[in-house]
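Below: one structure, written as structure tokens.
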Amino acid sequence: FALWKDDSGSFAHLRIFSYYALKGIFKKYGFKIEKQRGIGYYPFPAIISRFLSKIDPWHSVYQTIKVRKLK
581 FALWKDDSGS FAHLRIFSYY ALKGIFKKYG FKIEKQRGIG YYPFPAIISR
631 FLSKIDPWHS VYQTIKVRKL K
């Protein structure tokens, strides 16, 4: 994760990770994904966004991933 300052002096994201990229990073460093949830499906309205996030959470705008370090 890296940040950079834009022209206004505000911090902005430099890298965006997909669920599958994060899964690979966690695996490489010895973590196991226990649970994943997604919400938000841009540019759809809320009711459609919630439905799409339930059937395809891996492509949701916001991701929450619970991981545990393997022993």
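Note that the working numbering has the sequence shown beginning at 581, numbered continuously upward.
Ideal placement from N, C-alpha and C gives every residue a C-beta, glycine not left out.
Endpoints, beta strand (DSSP E) assigned at residue i
i      : result
Lys612 : 611 to 619
Lys608 : Where Lys608 is concerned, there is no enclosing beta strand (DSSP E), although the alpha helix (DSSP H) it sits in stretches over 599 to 608.
Tyr642 : 642 to 649
Residues of its chain near residue i, where Cβ-Cβ distance is below 7 Å and the 5 sequence neighbours each way are ignored
i      : result
Ser640 : Gly618, Ile619, Gly620, Tyr621, Ser633
Tyr599 : Gln616, Trp638, Gln643
CB-CB length for residue i against residue j, believed under 8 Å
i      : j      : result
Lys649 : Gly610 : 6 Å
Lys612 : Val647 : 7 Å
Inter-residue spacing [alpha-carbon to alpha-carbon] between residue i and residue j
i      : j      : result
Lys651 : Pro625 : 43 Å
Ile628 : Gln643 : 17 Å
His631 : Pro623 : The amino acid at residue 631 is misidentified as His; the sequence shows Phe. Whole-angstrom Cα-Cα distance: 13 Å.
Helix, strand or coil at residue i according to DSSP, with G and I counted as helix
i      : result
Lys634 : helix
Ile627 : helix
Same chain, Cβ closer than 6 Å to residue i, five either side skipped, listed in chain order
i      : result
Gln616 : Ile645
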